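Residues are numbered in the numbering used here as their position in the sequence shown, beginning at 1, plus a constant of 392. Input: a single structure, listed below in structure tokens.
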Amino acid sequence: MTKDIFYGPDFDLLSKQDPEISSVLLSELKRQQTNLQLIASENFTSRAVLAALGSTLSNKYAEGYPGKRYYCGCEEVDKAENLAIERAKSLFGADHANVQPHSGASANIAVYQAFTKPGDTVLAMSLPHGGHLTHGSPVNFSGKWFNVVSYGVRQDTELIDYDELRDLAIANKPKMICSGATAYPSLVDFEKVRAICDEVGAIMWVDAAHFIGLVAGKAIPSPVPYADVVSFTTHKVLRGPRGGMILAKEAHAAAIDKAVFPGMQGGPIMSAVAGKAVALKECATPEYQKYAKDVIVNAQALCTALEGEGMRAVSGGTQTHLALIDIRGTGVNGKVADERCGNAGIVLNKNSIPFDPEKPGITSGIRVGTPATTTQGMGVEEMKIIASLISRAIRSEDPSVLAGIKSEVHALTSKFPIYNA
Ligand code: DSN
Numbered sequence: 393m394t395k396d397i398f399y400g401p402d403f404d405l406l407s408k409q410d411p412e413i414s415s416v417l418l419s420e421l422k423r424q425q426t427n428l429q430l431i432a433s434e435n436f437t438s439r440a441v442l443a444a445l446g447s448t449l450s451n452k453y454a455e456g457y458p459g460k461r462y463y464c465g466c467e468e469v470d471k472a473e474n475l476a477i478e479r480a481k482s483l484f485g486a487d488h489a490n491v492q493p494h495s496g497a498s499a500n501i502a503v504y505q506a507f508t509k510p511g512d513t514v515l516a517m518s519l520p521h522g523g524h525l526t527h528g529s530p531v532n533f534s535g536k537w538f539n540v541v542s543y544g545v546r547q548d549t550e551l552i553d554y555d556e557l558r559d560l561a562i563a564n565k566p567k568m569i570c571s572g573a574t575a576y577p578s579l580v581d582f583e584k585v586r587a588i589c590d591e592v593g594a595i596m597w598v599d600a601a602h603f604i605g606l607v608a609g610k611a612i613p614s615p616v617p618y619a620d621v622v623s624f625t626t627h628k629v630l631r632g633p634r635g636g637m638i639l640a641k642e643a644h645a646a647a648i649d650k651a652v653f654p655g656m657q658g659g660p661i662m663s664a665v666a667g668k669a670v671a672l673k674e675c676a677t678p679e680y681q682k683y684a685k686d687v688i689v690n691a692q693a694l695c696t697a698l699e700g701e702g703m704r705a706v707s708g709g710t711q712t713h714l715a716l717i718d719i720r721g722t723g724v725n726g727k728v729a730d731e732r733c734g735n736a737g738i739v740l741n742k743n744s745i746p747f748d749p750e751k752p753g754i755t756s757g758i759r760v761g762t763p764a765t766t767t768q769g770m771g772v773e774e775m776k777i778i779a780s781l782i783s784r785a786i787r788s789e790d791p792s793v794l795a796g797i798k799s800e801v802h803a804l805t806s807k808f809p810i811y812n813a
């Protein structure tokens with residue numbers, strides 16, 4: 393464990409000036425290093441991305457777009473934004489990229505604004521079947537301001553029911569159909585969704601936040617050739633800074649840019665934009681492509697090993713970076729499993745499974761993902777060990793047993809240091 397990743401002298405200055413905050417930075421680094429990070433939406437960015445994030449670009453206001461800013465003095469940040477835009481277009485083969493959204497939810501607000509008006513009908517995946525808050529949850533702006541009709545998965549296969557999706561599209565004539573989810577372990581058939589959108593004249597929106605990193609690494613098919621618009625976060629498998637991004641067909645470029653600024657945001661966070669540019673350059677390398685494939689191999693190994701421990705993989709397995717696991721066979725609910733694993737140094741999340749009899753605060757499942765452990769260099773053998781640690785933690789009420797498992801977790805993670813380069 394070293395404080396050097398915070399750039400030596402600057403960290404020393406911070407620790408003198410603000411010991412409370414510098415101590416949080418160090419203890420969070422220790423938490424990330426010593427525990428197992430299995431939250432499917434988290435990862436470890438490179439030191440180069442962290443350097444861009446902690447830079448003087450944070451000081452600059454840059455409302456507008458490169459070459460068309462509201463304030464002067466943007467000549468340097470313009471270069472960073474142009475690099476991010478060009479790298480995104482080239483990596484994904486997209487006509488247009490907007491790299492300014494502060495987050496995935498912000499990117500989604502811009503998508504609604506570009507293509508719909510309050511009260512319009514939108515078809516999106518239901519949250520209890522794996523969707524996202526911004527896909528029409530009643531507690532979110534999307535559910536309050538739009539008539540969101542939800543589709544889900546079939547009960548027998550736990551895969552998207554494209555027949556139901558088409559029937560709902562024909563019956564409700566949505567302005568926009570959204571594909572994408574936060575807890576769906578299978579691939580989406582973008583060709584089928586495109587055909588349904590064409591049949592009813594809907595905009596095809598893909599919220600690719602969870603899997604865009606796998607697309608970037610050419611490990612799974614891309615939605616970009618099919619979709620009118622693709623929104624995503626940049627900090628999941630993609631391994632960039634916390635933030636959002638939107639890709640669009642040329643015909644929608646102006647609408648998307650107007651929706652982001654001035655429609656939804658003020659000044660972009662230029663240090664984050666520079667961090668996105670750095671991450672996109674990393675994603676274009678053979679090393680990253682291998683990483684993306686390894687993430688899936690590891691997720692499949694972890695999923696299979698958890699099945700071997702008496703748990704059930706929703707939809708029979710995974711084709712992506714995450715697995716959704718029905719743990720009812722262990723006699724423990726998701727909330728208790730999440731707490732026990734947390735006490736054993738295994739950071740994962742409870743998650744509803746499709747048609748879950750439990751409330752969302754309890755759940756019958758857990759979600760596990762492999763982006764972070766794969767970045768650390770763990771492989772299939774470690775996934776088998778992790779499955780056994782999870783199984784033992786879930787099944788144990790005894791704090792001393794959980795403490796013992798935590799020691800095993802620390803022994804494992806100490807062999808795969810983060811930020812050691
Ligand atoms: N919170 C993210 C996730 O964990 O999937 C989605 O926004």
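Glycine is no exception: its CB is placed at the ideal position from the N, C-alpha and C atoms. The structure displayed is predicted, hence computed values, not measured ones.
Check	Outcome
Cβ shell of Gly572 (< 6 angstroms), same chain only, five flanking positions each side left out	Val598, Asp599, Ala600
6 angstroms CB neighbourhood of Ala647 in its chain, flanking five on each side removed	Ala506
Beta-carbon proximity list for Asp649, same chain, < 7 angstroms, skipping 5 on both sides	Tyr457, Asn490
Closer than 6 angstroms: residues whose CB approaches a heavy atom of the ligand DSN	Ser433, Gly496, His524, Thr574
Of the listed residues Met637, Gly605, Glu420, nearest to Leu630 (C-alpha basis)	Gly605
Per DSSP, cross-strand counterpart(s) of Ser623	Asp599, Ile638
Check whether Leu428 and Val801 have beta carbons under 9 angstroms apart	yes
Residue burial classification, Pro577 (beta-carbon count within 10 angstroms, cutoff 16)	buried
Span separating the alpha-carbon of Arg586 from that of Asp620	9 angstroms
Contact belief for Val616 with Ala502 at Cβ below 8 angstroms, rounded distance in angstroms	Actually they do not touch by this definition, with Cβ atoms about 17 angstroms apart.
Beta-carbon spacing of Ala729, Ala785 below 9 angstroms	yes
Limits of the unbroken alpha helix (DSSP H) element including Cys392	The structure shown does not extend to residue 392, since the chain is modelled only from 393 through 813, so no value can be given for it.
Three or more C-beta pairs below 8 angstroms linking the region 518-527 and the region 475-486	no
Cβ pair Ile688, Gln711 closer than 9 angstroms	yes
Check whether Arg759 and Ile552 have beta carbons under 9 angstroms apart	no
Contact under 9 angstroms by Cβ, Lys610 with Val592	no
Spatial neighbours of Phe603 in its chain, beta-carbon cut-off 6 angstroms, leaving aside the 5 residues before and after	Thr712
Residue interval of the alpha helix (DSSP H) (run including Cys589)	582-592
Beta-carbon proximity list for Arg558, same chain, < 6 angstroms, skipping 5 on both sides	Ile588
Bridge partners - Ile745, DSSP secondary structure assignment	BP columns for Ile745 are empty, so no partner.
Close Cβ partners of Ser623 (< 6 angstroms) along its chain, the five nearest in sequence each way excluded	Ala499, Asn500, Val503, Asp599, Ile638
Other residues of its chain near Met393: CB distance less than 7 angstroms, five sequence neighbours each side excluded	In this predicted model, Met393 has a pLDDT of only 45, less than 50, meaning its place in the structure is not dependable; the value taken from the coordinates is given anyway. For Met393, where only same-chain residues beyond five positions count, the Cβ hits under 7 angstroms are Leu421, Lys422, Gln425.
Burial state of Pro749 (16 or more Cβ within 10 Å)	exposed
Nearest candidate by alpha-carbon position, reference Ser806, set Gly769, Lys776, Asp790, Glu789	Gly769
Buried/exposed call for Glu412, threshold 16 Cβ in 10 Å	exposed
As assigned by DSSP and simplified to three states, the class of Cys570	strand
Helix, strand or coil at Thr513 according to DSSP, with G and I counted as helix	strand
Nearest-angstrom Cα separation, counted from Ser414 out to Thr766	28 angstroms
Whether Gly721 touches Arg732 by CB criterion (9 angstroms)	no
Length of the line joining the Cα atoms of Gly659 and Ala669	17 angstroms
Straight-line Cα distance separating Phe747 from Gly757	11 angstroms
Beta carbon of Ser614 nearer than 9 angstroms to that of Ala444	no
Range covered by the alpha helix (DSSP H) that runs through Val801	791-805
Contiguous beta strand (DSSP E) assignments of at least 3 residues, all confined to the region 677-729	714-718
Other residues of its chain near Ser407: CB distance less than 7 angstroms, five sequence neighbours each side excluded	Ser414
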